Amino acid sequence: MNKHRLSRVTSAIVFALGMSTSALANTTTSVIKGQVSGPAGNPAAGTSITILHTPSGTVKTVTVNEAGLFNAQGLRVGGPYTLTVDSNKFQDRVITDVYIKLGEPLDLNLMLEEQSIETIEVVGSQITAAELGATSPASNFDLEDLEFAASADRDIKDLVRIDPRINIEESDGEEAIICGGSNPRYSSLTVDGVRMNDSFGLNFNGYPTVRMPFSFSSLDQITVEIAPFDVRYGGFTGCNINAVTKSGTNELHGSVFYDYSSDSLRGDKIEGEDIDTGDYTEERYGFDVGFPLIKDTLFFYGAYDKLEGAQIFQYDAFTNGTYSQAEVDRVIQISKDVYGYDPGGMPASMPVEDEKVLVKLDWNINDDHRASFVYNYNDGFRLDQSDERNNTLTLSNHFYEVGAKLNSFVGSLYSDWSDDFSTELRIGNTKLHNRQNSIDADSGFGEVQISHNGATIFLGPDDSRQTNKMNWESQTLKLAGAYFYGNHKITGGYEYENLEIFNVFMQHTIGEYRFGGDFRRNIQGDSTGIDDFEAGIADDVYYNNSAGTNNPDDAAANFEYQSHSAYLQDEYIFDDIDLTIIFGVRYDWYTSDDKPRYNKVFHDRYGYRNDHTFDGESIFQPRFGFNYAINENLELRGGFGLYSGGNPNVWLSNSYSNDGVTNIDTYRGDTNLLNPDGTPVDRISGSGRPIYDPLSDMIQEVADNDPSLGNEPSVNAVDPNFNIPTEWKYNLGLTYITDDEYIFQADILHSRQKDGALIQAANWDSASREELFDGRAVYDYVTVGQRDDGRPIKRSFRKSDLILTNADEDGKSTTISFGVKKEYDFGLDMQFGYAYNKSEDVSPMTSAVSFSNFTGFATIDAQNPALATSNYETPHRFTMNLRYTTEIFEGYRTSFSLFGSRTQGRGKSYTFDELSVGATEFESRRHLLYVPLADDPNVTYGDDFDLEAFNAFVDSKGFKRGQIVERNADNASWHTRLDFRIDQQLPGFTQDHKARAYLVVKNLGNFLNDDWGVKKVGNFTAQNVVQAEINENGTYTFNEFFPNNAEDTTFLTQSLWEIRVGVKYDF
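Count the sequence shown with mature numbering (1 follows the signal peptide of the UniProt record, and there is no 0) and you get residues -25 to -1, 1 to 1042, in order.
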């Protein structure tokens, strides 16, 4: 047996001949385990080990078994712990200052000496779980990491980004956690054992709320598991982030903090251009406190955080010159004069708020049983510019508030029934009330889109927020146990979740009006979208509501379903060769008694029902992992396993909300809202106010909807043959610790999706598929009837029937990562990392809405898209984390922290639009660009097409002529980010108290030079660079080139430096 495997890491601890770690599941506790032997190496069976958590007085006693092994489960993370080793045959030991980490069991291999008169007490460096022993790639962050991170946002994302495999994508109004090239919605977050990820799936940030839903001050430790092979992990295919909060102890302890920023502490220039951030202040304040209610028995801990901040906006289509101030002023004036509506303006910033509360009770019932109760509350909001892109401009009354109120409770019971058997029981409840309200909802005005110069101005309440309410409640149960027998650790358990969802989502319940959408008319010079807006000539009018009643609440989705998980696993230690293996199975299954409303017309048309759900679906998930200590410096780890979960419930909810029975959508084209004299036309309902009041005939169509006409509303449904998506993960890694304690790590992780989610259009006739000369697929609509004159009735694109189904091809991802870290004796801790990622998928599934998932990515065959570079791929990422601790003033710690990253930008797809063949007619801005030959017989050019500029663009990108540009063939610019923190300890009111003053500089590079640290991104879906049309002979005419659309967009909030100053008082 190689008992000296970690002696390089713990040489200061003379008795610690070996330490190792192996990953724990998403638990709230940790483990101290290991092997105890006598001087001759024989098992020291019967030895008693008493484990004391010094701050709380919690005691656990275990006995070494016949194989010489012991295992203490359910321990609080952190420490310090004191271990008393009591042997009847050998020398007793007392081991102090032991600290343990969440997700990393501490493995102590002890060789006892011959018995002497006195107990040997070892007091030395703090013993912590080391870097060795894991079976899978992971990262762990403890309280010190949290306290001194170069974090300006008080968010765990500022910690997990240190891992180069995790990219925080900051370019879409939300900061998404992208793990190894996976969809951010596929990852999971648990806090104190309760799932805190976005169970419904509306958010891109991974949280159920708009910001981190728990107090940063309350956090004790965080782990990130990229590919855990323990069967207790489930509910994700991306990565799992697990956090635990602090607890009360026998001593009063806590802190109070306040920090501040403002427009005067923020940058106002990027690459030489002045940026108006407006006048604002941003304050954060809060406290946390822990104390005993009954010493050694009952403890209280609480935390409170409040943000009173500001949100900065940007207007790319204005700053890049697409729209002039005169054009914007004209639109605003027309809106006021013609329609009596004030659309707002372009404010630089607006206020936002957030509030968090956490309360925790810990109860040491006796030495064998411990319980905890945690309550968590969060309420906050941000503002969204909705349709703001580099070729769109949104006025302020088109903004909407994104907010949520969360209440969560969880109770846990940890029990040791013997030295060999322990259990964990957990019951939780989480409620979320989501709100997405237009800030001008009370006006009753509809959404307006005005197209001009290849771009669009938006005003009026956003169409997707005209009716949008969502609440969900989750009840969870977990019962798990661990049994130790010789060298085996048998783990088994059952988990249950009941999810209740209420969701009413209906677009266009007030209406949406598009002006100037016909680009061909604009090119011919007949008018502009602004002229059409003034004249009241709408190209497109949309109105939706509930059949018969025109009351949107009647179309609400109200359903629940249950997910069940059972698992069994064996962990076996080959102590003679220092090899640990884990192998087990996890079985997930789903049940539900609720179905969408049955739609007979849909059934008759397509031959399958629209009310299929996940009821009866199941997944069998085998797992295997190993850790092999080759010698005292080098270990090898790896494994494979199948994973499932993380698929947003909103994709299922869409089939309840869009059943085609209650949610009716109507459309009118080329509609006059005004008479030539400027008065409203008679067909407007209510008081006859254009855009405020829908058209009377559209309201009547909703009330009198007749499915036999073939124009019944769109339907969302789940494919009867749908399989829950899964992902295989394969990992091989190693850790090497040099004699001078440099720690090197390398991992290769390969993932392969199985049954990836995909949206298809049922109303596209697959038999009609044809290819254009460049290989692009076009389809016709299905025929649903015949008119009196014999012409067929087609199920048009505006009446899309969308199906949640599975992709035929398997997505795949490979991530190769390297890291090195070192803690120097003179106070410097350093860590460097690099990750390469290649990720491909069939559909990126970028949205919560089926239609957006269908149209929201670039392709050449929307019905059967091919495997392509994923939107979530991060090809290269370098990271650096440095911390230097010293005492500038004697007795008072000074800490300097610097985080740095250099990341290649995400993929960019180049498209052209307005291809009017069959079902592709209204798929604007999703057709991958065809690059013509120098003298291409299949492409002609309009008079206004700038061929010279287009050719220069093609040459600069190196695109192959005569071919279609692949999805995400290009990348946005590299981005360098530096964040800096200085933290100075100061005297407190008593000797045991300490005050601290700190300063954080976010984006230090931009602070030093306004050309540095600039974040540039492309449009998430595509860069639409050419307006084209298709001719009757199947060739293309390129009418206009939009060079601005090809450029990266500067992301202001992540490019401007910001300074935050604060104070904290620790007691």
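All residues carry an ideal CB built from backbone N, CA and C; glycine is no exception.
On a predicted model such as this, the values are computed, not experimentally measured, just so you know.
Query: Within its chain, find whatever has a CB closer than 6 Å to the CB of Gln537; leave out the 5 residues flanking it on each side and keep chain order.; Result: Asn473 and Thr566
Query: Quick one: give me the first and last residue of the beta strand (DSSP E) that Tyr458 is part of.; Result: Asn443 to Tyr460
Query: Would you tell me roughly how many angstroms separate the C-alpha atoms of Glu815 and Leu617, rounded to the nearest one?; Result: 18 Å
Query: At the level of alpha carbons, what is the spacing between Leu50 and Val6?; Result: 6 Å
Query: Output the distance between the C-alpha atoms of Tyr74 and Gly213, rounded to the nearest integer angstrom.; Result: 29 Å
Query: Using only CA atoms, which one of Gln424, Phe204 and Val185 lies nearest to Tyr542?; Result: Phe204
Query: Which one or two residues does DSSP pair with Ile137 in a beta bridge?; Result: None; Ile137 has no bridge partner.
Query: What does a CB cutoff of less than 6 Å around Ala782 pick up in its chain, not counting 5 residues either side in sequence?; Result: Gly731, Leu733 and Val817
Query: What is the rounded straight-line gap between the Cα of Phe420 and the Cα of Gly435?; Result: 6 Å
Query: Evaluate contact between the segment 1017 to 1034 and the segment 974 to 981, counting only Cβ atoms and requiring at least three cross-stretch pairs below 8 Å.; Result: yes
Query: Smallest Cα separation from Ala323: which of Asp251, Asn382, Gly296 and Leu388?; Result: Asp251
Query: What span of residues does the beta strand (DSSP E) with Pro597 cover, start to end?; Result: Ser593 to Ala604
Query: Please return the same chain residues whose Cβ sits closer than 7 Å to the Cβ of Gly43, not counting the five positions on each side in sequence.; Result: Gln10, Val11, Ser12, Pro18, Ala19 and Ala20
Query: Could you pull the DSSP bridge partners for His373 from this structure?; Result: DSSP, once it has assigned bridges, lists no residue as partnering His373.
Query: Tell me whether Ala151 sits in a helix, a strand or coil according to DSSP, three-state version.; Result: strand
Query: Fully enclosed by the segment 785 to 858, which beta strand (DSSP E) runs are 3 residues long or longer?; Result: 787 to 798 and 803 to 816
Query: Is the segment 195 to 209 in contact with the segment 588 to 601, if contact means three or more CB pairs nearer than 8 Å?; Result: yes
Query: Between which two residues does the beta strand (DSSP E) carrying Ser671 extend?; Result: No beta strand (DSSP E) holds Ser671; the alpha helix (DSSP H) holding it covers Ser671 to Ala678.
Query: Measure the alpha-carbon distance for Ala285 versus Ser236 and round it to whole angstroms.; Result: 10 Å
Query: Using the C-alpha atoms, what's the distance from Thr524 back to Ser632?; Result: 16 Å
Query: Using a Cβ-Cβ cut-off of 6 Å (strictly less than) and excluding sequence neighbours within five positions of His483, which residues of its own chain qualify?; Result: Asp438, Tyr517, Tyr518 and Asn519
Query: Specify the secondary structure class of Ile201 as computed by DSSP and reduced to three states.; Result: coil
Query: Taking only the alpha-carbon atoms, compute the straight-line gap between Ser521 and Asp529 and give it to the nearest angstrom.; Result: 6 Å
Query: My guess is that Ile287 and Asp985 are in contact by the Cβ rule of under 8 Å, so how many angstroms apart are they, rounded?; Result: About 16 Å; that fails the 8 Å criterion.
Query: Grab me the residues of Leu388's own chain with a C-beta within less than 6 Å of its C-beta, minus the 5 sequence neighbours each way, in chain order.; Result: Ala346 and Leu400
Query: With a cut-off of 8 Å on the beta carbons, I'd call Ala823 and Gly176 a contact; round off their distance for me.; Result: 5 Å
Query: Going by C-alpha to C-alpha distance, which of Asn180, Glu200 and Val37 sits closest to Ser23?; Result: Val37
Query: Could you please give the first and the last residue of the uninterrupted alpha helix (DSSP H) stretch that includes Tyr573?; Result: From DSSP, Tyr573 is part of no alpha helix (DSSP H); its letter is neither H nor E.
Query: Could you tell me the alpha carbon to alpha carbon distance between Thr830 and Pro840, rounded to whole angstroms?; Result: 11 Å
Query: Please list the segments of the beta strand (DSSP E) lying wholly inside the segment 927 to 992, counting only runs of 3 or more residues, in order along the chain.; Result: 950 to 962 and 969 to 977
Query: Give the DSSP-derived three-state secondary structure of Ala510 in the structure shown.; Result: helix
Query: Can you list, in chain order, the residues of its chain with a C-beta nearer than 6 Å to that of Gly587? Leave out the 5 residues immediately preceding and following it.; Result: Checking the sequence shown, residue 587 turns out to be His, not Gly. Val693 and Pro695.
Query: If we ignore side chains and look at the alpha-carbon of each, how far apart do Asn698 and Gly620 end up?; Result: 12 Å
Query: Please list, in chain order, all residues of the same chain as Asp1041 whose beta carbon is under 6 Å from its beta carbon, the five residues on each side excluded.; Result: Ser230 and Lys969
Query: Opposite Tyr536 in the DSSP bridges: which residues?; Result: Leu474
Query: Give me the DSSP bridge partner(s) of Ala47.; Result: Ile7
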